[in-house]
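Peer 1: I have a structure I would like to understand better, so I am pasting it below and will then ask my questions one at a time.
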């Protein structure tokens, strides 16, 4: 058996040796290279002339002048082929045009030669072999065919019994797993059933392939027995055995996919009727195309003429092509509906691919058989091996690439969870890292798809991937892609580190409190500037990596920047002034400032402007170029500056005592008392005028609390002055009645005040209502001092960053 199989494997080389030995003189005479020899054999006229010359040399006769002329032409064609090879490889368009031209020329030559051969057969003349020679040559072929077919049928019958037992075993294992789903040795029941089913399918394929090889060895033994001399395998018998092995191995794969009689060994899940239909169609197509190109063409070429063999091959492939296209076109809608229904119940990954396949499957099928038709006419001997190899590589590439994409979606699509301590210190790092995952998935997915497409093109000889990788262009392209990926990774890493460090500084930790407003503002500005620098530098490096010269861009950007600098001096002034204001800590967010005549709270600061919210709710955007003076009322400490005017009749010393009494009562307030840093400072009398006597005081407070202290102190002071009867004077007016030239004034109509009780030196002022002084209670002191100011203040919730978050109202 092994000797027969080895002789079968070596038969093509043995059969081709006489032809190669016969071609050696011609090749040596012309110094033919393999490429030139291939071009020479593609020319029908040169090939026929070469055959005639070799036969004439074998018989010892001289070839006729026509043959010599054709041989001379063949030599010229060989020299032209060598010159074409030396000139370099033509482009794709030139090669396609040359191939189409040679194919049409060959078909025309074959048609003409075929008509001549048919006329010769009709006239009773033999073309290649007479009846006796043909019978002797076909006898090993017939013995090999009969022995192979008989052995194959017998072995298939035995194999069918084995398949049935395997099918029942797989069905029994599936039923047992459904009844007892508990895992064994850590392997889940569905996975265990899948592994056993996969092993059963592989075993069935091995048995089916073994049947084919055993049948081929039986046919080879019969062919050896029937070959004269019994020393070597006959050429035609070897051709048949090769065709049988190639076609039946492909049919083994088809039967593995559909498994008409054994549904549990079926690779693709489908109904029995549907599997039977597509299995029968593919088996017929494979048998017709395979035996037509690998057997019928060589046998007719050997017994009758090569032209008739090529015409028979072309006719068979045309019939196969028309039949295949007709079936595909007829079933395009039904297959699309089945694939769409299956995609609706599949996962997102498989569903999208099944939907795409349902729309284009008929186009792919028609294109596949079109390629098969073309290849079978260009290279009939290697057509089916090429199609099988290209198909296997395509399916393998699609399967591996789909599996890789699925693994990426499964592994990287899961959110990345950081530790609690890292989330506390870097609160935005987890969200930022998870934001990179979709982009990374897209980039890796596109890389996998591009590589898969290149491998598929390489499988169909539309693109020579190995040559491209070895070329300078391929190396440069791969280097460019790697450099781009590295640059993007470095940019993402640098931005992540910078942003994480800034977030760490902006977050509150146990070792330190919340950052100051200046730190928040400067860090925010630094983060924006870092982002701009990283994006700009990354774009420049990427442009340089893809071959764009960035020097003109940089020079042009410099010129444009200079022009913008001259035309936008205010913008430059805004940026420079803003930078120095931030460096000098002039103001920060939440500070109460007066800038460019606008008084309010700073809500937002950028590198060129500041946003201020005034007391009336208006939002003012002030560019830094308009800022001459910054009055910050929130730096270190504040003062309540109060100036109180009393009537001339009042005692200044008594008023000062009541000023101190009001301050002492203010210090007992639970809200405002802790915000006062020092004792009251009474500067004394600052003015004596027609309105009265003005006394100035100063109360030092924490930053931003001067307005609340002012409101509380004014209320308490008014209460103390009212209780003491100290007049806060009205505006005084001097009334002049005039006089005549003699110095007499007109009579004034004066109404005398009615009598009232004598109050001594403690009389009430006009319009004043005397009230008894009552000390504030400890429970309602804040409400009494600040009035309804605290009513709008919400209680701090449990999530507030500090229990004193609302202890310092910042509104002026």
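Residue numbers (my numbering): -17 to 794.
Idealized CB from N, CA, C, for every residue including glycine.
On a predicted model such as this, the values are computed, not experimentally measured, just so you know.
Is residue 708 buried or exposed, if buried means 16 or more other CB atoms sit within 10 Å of its CB?
Peer 2: When all chains shown are included, residue 708 counts as buried.
Peer 1: Report yes if the CB atom of residue 473 is closer than 8 Å to the CB atom of residue 516, and no otherwise.
Peer 2: A contact, by the Cβ cut-off of 8 Å.
Peer 1: Is the beta carbon of residue 133 less than 8 Å from the beta carbon of residue 197?
Peer 2: Yes, they are a contact pair.
Peer 1: What's the call for residue 728, buried or exposed, on a 16-neighbour Cβ count within 10 Å?
Peer 2: The residue in question, residue 728, is exposed, as its Cβ has fewer than 16 Cβ neighbours within 10 Å.
Peer 1: To the nearest angstrom, report how far apart residue 152 and residue 440 are at their CA atoms.
Peer 2: For residue 152 and residue 440, the distance between alpha carbons rounds to 39 Å.
Peer 1: Given that a residue counts as buried once 16 or more other Cβ atoms are within 10 Å of its Cβ, and exposed if not, what is residue 701?
Peer 2: Looking at its Cβ environment, which holds 16 or more other Cβ atoms inside 10 Å, residue 701 is buried.
Peer 1: When the distance is taken between beta carbons, is residue 614 closer than 8 Å to residue 575?
Peer 2: Yes, Cβ-Cβ distance for residue 575 and residue 614 is below 8 Å.
Peer 1: Using C-beta distances below 6 Å, list every residue in its chain close to residue 644, excluding the 5 sequence neighbours before and after it, in chain order.
Peer 2: Excluding sequence neighbours, residue 644 sits near 698, 699, 702.
Peer 1: Put residue 690 into one of helix, strand or coil per three-state DSSP.
Peer 2: It is helical.
Peer 1: Let me know if residue 531 comes out buried or exposed under the rule of 16 or more other beta-carbons within 10 Å of its beta-carbon.
Peer 2: The residue is exposed, with fewer than 16 neighbouring Cβ atoms inside 10 Å.
Peer 1: Among the candidates 484, 382, 291, 378, whose CA atom is the shortest distance from the CA of residue 363?
Peer 2: Nearest of 484, 382, 291, 378 to residue 363, Cα basis: 291.
Peer 1: Should residue 235 be flagged as near chain D, meaning a C-beta pair shorter than 8 Å?
Peer 2: Structure shown: chain D not included; a single protein chain is present.
Peer 1: In the DSSP output, which residue or residues are listed as bridge partners for residue 624?
Peer 2: 679.
Peer 1: Looking at the secondary structure, which residues open and close the beta strand (DSSP E) in which residue 797 lies?
Peer 2: Outside the displayed span of the chain (-17 to 794) sits residue 797, for which this structure offers no information.
Peer 1: Please classify residue 593: does DSSP put it in a helix, a strand, or coil?
Peer 2: Correct three-state label for residue 593: strand.
Peer 1: Would DSSP call residue 587 helix, strand or coil?
Peer 2: Three-state DSSP puts residue 587 in a strand.
Peer 1: Mark residue 13 as exposed unless 16 or more other C-beta atoms lie within 10 angstroms of its C-beta, in which case mark it buried.
Peer 2: Legend: pLDDT at residue 13 = 44, less than 50; position of this residue unreliable, value from coordinates given subsequently. Residue 13 is exposed by the Cβ-count criterion.
Peer 1: Could you check if residue 671 is buried or exposed, using at least 16 other CB atoms within 10 Å of its CB as the buried criterion?
Peer 2: Per the 10 Å Cβ criterion, exposed.
Peer 1: Do three or more CB pairs link the region 411 to 424 to the region 386 to 397 at distances below 8 Å?
Peer 2: Counting Cβ pairs under 8 Å, three or more are found: they touch.
Peer 1: Would you mind sorting residue 2 into buried or exposed? The rule is 16 or more other CB atoms within 10 Å of its CB.
Peer 2: Its pLDDT being 33, under 50, residue 2 is placed unreliably by the model, and nothing is read from it.
Peer 1: Taking all protein chains shown into account, do 16 or more other C-beta atoms lie within 10 angstroms of the C-beta of residue 620, making it buried, or fewer, making it exposed?
Peer 2: Its Cβ being crowded by 16 or more others within 10 Å, residue 620 is buried.
Peer 1: Check this for me: beta carbons of residue 669 and residue 676, under 8 Å apart or not?
Peer 2: Yes, these two residues count as a Cβ contact at 8 Å.
Peer 1: For the alpha helix (DSSP H) that contains residue 729, what are its first and last residues?
Peer 2: It is not in any alpha helix (DSSP H) - residue 729 carries neither H nor E in the DSSP assignment.
Peer 1: Let me make sure I understand the geometry here. Which of 303, 722, 505 has the alpha-carbon closest to that of residue 483?
Peer 2: With distances taken between Cα atoms, residue 483 lies closest to 505.
Peer 1: Does the separation of the CB atoms of residue 559 and residue 592 fall below 8 Å?
Peer 2: No; because the gap between Cβ atoms is not below 8 Å, this pair is not in contact.
Peer 1: When DSSP builds the beta bridges, which residues end up paired with residue 246?
Peer 2: In the DSSP output, where bridge partners are listed per residue, residue 246 has none listed.
Peer 1: Determine the direct distance from the alpha carbon of residue 260 to that of residue 270, and round the result to whole angstroms.
Peer 2: So the two alpha carbons sit approximately 15 Å from each other.
Peer 1: Under the DSSP definition of a beta bridge, which residues are partnered with residue 828?
Peer 2: With the chain running from -17 to 794 in the structure shown, residue 828 is simply not present.
Peer 1: Report buried or exposed for residue 222, applying the criterion of at least 16 other Cβ atoms within 10 angstroms of its Cβ.
Peer 2: Classification of residue 222: buried, given that the 10 Å Cβ count is 16 or more.
Peer 1: For residue 348, which residues of its own chain have a beta-carbon under 7 Å away from its beta-carbon, when the five flanking residues on both sides are left out?
Peer 2: If we look at residue 348 and ignore the five residues flanking it on each side, its Cβ neighbours are 307, 310.
Peer 1: Could you check if residue 7 is buried or exposed, using at least 16 other CB atoms within 10 Å of its CB as the buried criterion?
Peer 2: Residue placement at residue 7 is poorly supported in this model, since its pLDDT is 38, which falls under 50; the coordinates still yield a value, given next. Counting Cβ neighbours within 10 Å, residue 7 comes out exposed, since fewer than 16 surround it.
Peer 1: Cutting at 6 Å between CB atoms, please list the residues of its own chain near residue 305, excluding the five before and the five after it.
Peer 2: Nothing listed; no residue qualifies.
Peer 1: Just to confirm my understanding: we take residue 436, look at its own chain, exclude 5 residues before and 5 after, and list those with CB closer than 7 Å. What are they?
Peer 2: Cβ neighbours of residue 436 beyond the five flanking positions: 445, 447.
Peer 1: Judging by CA-CA distance, which residue of 599, 605, 513 is the nearest neighbour of residue 552?
Peer 2: The residue with the shortest Cα to Cα distance from residue 552 is 605.
Peer 1: Are there 16 or more other CB atoms within 10 angstroms of the CB of residue 754, so buried, or fewer, so exposed?
Peer 2: Its Cβ having fewer than 16 others within 10 Å, residue 754 is exposed.
Peer 1: Tell me which residues share the same chain as residue 343 and place their Cβ nearer than 8 Å to its Cβ, disregarding the 5 neighbours each side in the sequence.
Peer 2: Taken in chain order, the residues that qualify are 314, 317, 318, 321.
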